[in-house]
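Taking UniProt numbering, the leading residue of the sequence shown gets 1, the next gets one more, and so forth. One structure is given below, encoded as structure tokens.
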Amino acid sequence: MIDAVVAIAGLEMQRGVGDSRFRMFIDRLEIEGGQPVLLVGENGSGKSSLLDVIGLVLRPKRMTQFVYHPRAGGDVDVAALFQREDDAALTNLRCSEIGYMPQTGGLVPFLSVRDNIALPSILCGRRDPGFIDQLCGALEITPMHLALRPQDLSIGQRQRVCLARAFAHRPRLLLADEPTASLDVVSAAVVSEMLLEAAPKYGITPVIATHDPRLVDKADLRRITLHAKAVGPSEVECHIAAAA
1 MIDAVVAIAG
11 LEMQRGVGDS
21 RFRMFIDRLE
31 IEGGQPVLLV
41 GENGSGKSSL
51 LDVIGLVLRP
61 KRMTQFVYHP
71 RAGGDVDVAA
81 LFQREDDAAL
91 TNLRCSEIGY
101 MPQTGGLVPF
111 LSVRDNIALP
121 SILCGRRDPG
131 FIDQLCGALE
141 ITPMHLALRP
151 QDLSIGQRQR
161 VCLARAFAHR
171 PRLLLADEPT
181 ASLDVVSAAV
191 VSEMLLEAAP
201 KYGITPVIAT
211 HDPRLVDKAD
221 LRRITLHAKA
231 VGPSEVECHI
241 AAAA
């Protein structure tokens, strides 16, 4: 547990109600600090759902263990927080320890690019303009871009801004959902390099859901392959067994 950012065991999660349900079972899953992890599998296999579980967005139906190890040290018993329905503590943990890069971007349209990037660091009290400038330089986000609104950027530029925002508060864990989807070769290479090489140098552990062969084919990366199967007319299950 010393090197684990998150450790999960005996967890069941369910999405959907009635006749259409997706259920995920995690026997055991540990994510080690500084080690990039790829989540791979077919569409509908549960990659985004697993990101939402790790990101404390989905409330599990049951769990034996769910522990976070924050940057400041000391374990946080997430299972107990869920059982107590301590939403304030869960929100604080999510805000301070987790960066998220959604597939759809999720930038705030009425804020400038600079304010979008700075938003998470402001919310958790870690604003660092110098670090943001460093990120923007690495991601080729120019001062001219910083003054614009998200709708004035290309898709590739918006993805770079989303990644800078996810980095800005130096989270312990960075969750990226298809971060290189729809990007040109140059933008995809920049985003991939930041996630796989720069993030660990900042003490950030990336967990990346992807179909991108440029990432999937990297032999030195840890992979968690998700397989889902139909167990009823409208019911799908995914089992993750001892993914340590």
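Yeah, the Cβ is synthetic: ideal placement off N, Cα and C, and Gly gets one too.
- For Val-207, which beta-bridge partners are listed by DSSP? By one-based count along the sequence shown, residue 207 stands at place 207. DSSP, once it has assigned bridges, lists Val-37 and Leu-175 as partnering Val-207.
- Return the Cβ separation of Phe-167 and Leu-135 in integer angstroms, given the expectation that the two are a contact with Cβ distance under 8 Å. Within the sequence shown, numbered from 1, the residue matching residue 167 stands at position 167. Within the sequence shown, numbered from 1, the residue matching residue 135 stands at position 135. Yes, they are in contact, since the Cβ atoms of Phe-167 and Leu-135 sit about 5 Å apart, within 8 Å.
- Task: Can you tell me which of the three DSSP states Thr-225 falls into?
- Result: Residue 225 sits at position 225 when you count from the first residue of the sequence shown. Thr-225 falls in the strand class under three-state DSSP.
- Item | Counted within 10 angstroms of its Cβ, other Cβ atoms place Ser-20 as buried (16 or more) or exposed | Taking the first residue of the sequence shown as position 1, residue 20 is located at position 20. Per the 10 Å Cβ criterion, exposed.
- Query: Can you tell me whether DSSP reads Cys-124 as helix, strand or coil?
  - Reply: Here residue 124 corresponds to residue number 124 of the sequence shown, with the count starting at 1. Assigned with DSSP and collapsed to three states, Cys-124 falls in coil, not helix or strand.
- Please classify Ile-141: does DSSP put it in a helix, a strand, or coil? Working through the sequence shown from its first residue, we reach residue 141 at position 141. Reduced to three states, the DSSP call for Ile-141 is coil.
- Message: Between which residues of its own chain and Thr-205 is the CB-CB distance below 8 Å, once the five residues before and five after are set aside?
- Response: As a working note, residue 205 is residue 205 in the sequence shown. Result list for Thr-205: Val-5, Ile-31, Glu-32, Gly-33, Gly-34, Gln-35, Pro-36, Val-37, Arg-172, Leu-173, Leu-174 and Ala-199, in chain order.
- How big is the Cα-Cα spacing for Ala-228 and Met-144? Against the sequence shown, residue 228 aligns to sequence position 228. Against the sequence shown, residue 144 aligns to sequence position 144. So the two alpha carbons sit approximately 45 Å from each other.
- Message: Distance check for Leu-221 and Pro-179, CA to CA, integer angstroms please.
- Response: The residue labelled residue 179 in the question sits at position 179 within the sequence shown. The residue labelled residue 221 in the question sits at position 221 within the sequence shown. Each residue's alpha carbon lies about 16 Å from the other.
- Beta-carbon proximity list for Ser-96, same chain, < 6 Å, skipping 5 on both sides: Position 96 of the sequence shown, counting from 1, holds the residue named residue 96. Apart from the 5 residues on each side of it in sequence, Ser-96 sits with its Cβ closer than 6 Å to the Cβ of Cys-124 in its chain, given in chain order.
- Message: Can you tell me whether Phe-167 is helix, strand or coil according to DSSP?
- Response: By 1-based counting over the sequence shown, the position of residue 167 is 167. Reduced to three states, the DSSP call for Phe-167 is helix.
- DSSP state of Val-185, grouped into three classes? Position 185 of the sequence shown, counted from the start, is the residue given in the question as residue 185. The three-state secondary structure of Val-185, taken from DSSP, is helix.
- If you draw a straight line from the alpha carbon of Val-76 to that of Val-67, how long is it in whole angstroms? Position 76 of the sequence shown, counted from the first residue, corresponds to residue 76. Position 67 of the sequence shown, counted from the first residue, corresponds to residue 67. Answer to the nearest angstrom: the Cα atoms are 6 Å apart.
- Whose C-beta lies closer than 6 Å to the C-beta of Met-101 among residues of the same chain, with five residues either side of it excluded? Taking the first residue of the sequence shown as position 1, residue 101 is located at position 101. Cβ within range, chain order: Cys-162, Leu-163, Ala-166, Ala-176 and Pro-179.
- Can you tell me the Cβ-Cβ gap for Met-13 and Arg-23, rounded? I've got them flagged as a contact below 8 Å. Position 13 of the sequence shown, counting from 1, holds the residue named residue 13. Position 23 of the sequence shown, counting from 1, holds the residue named residue 23. Right, the Cβ-Cβ distance comes to about 7 Å (below 8 Å), so this counts as a contact.
- Message: Distance check for Asn-116 and Leu-148, CA to CA, integer angstroms please.
- Response: Counting from 1 along the sequence shown, the entry for residue 148 is found at position 148. Counting from 1 along the sequence shown, the entry for residue 116 is found at position 116. The alpha-carbon atoms of Leu-148 and Asn-116 are separated by roughly 10 Å.
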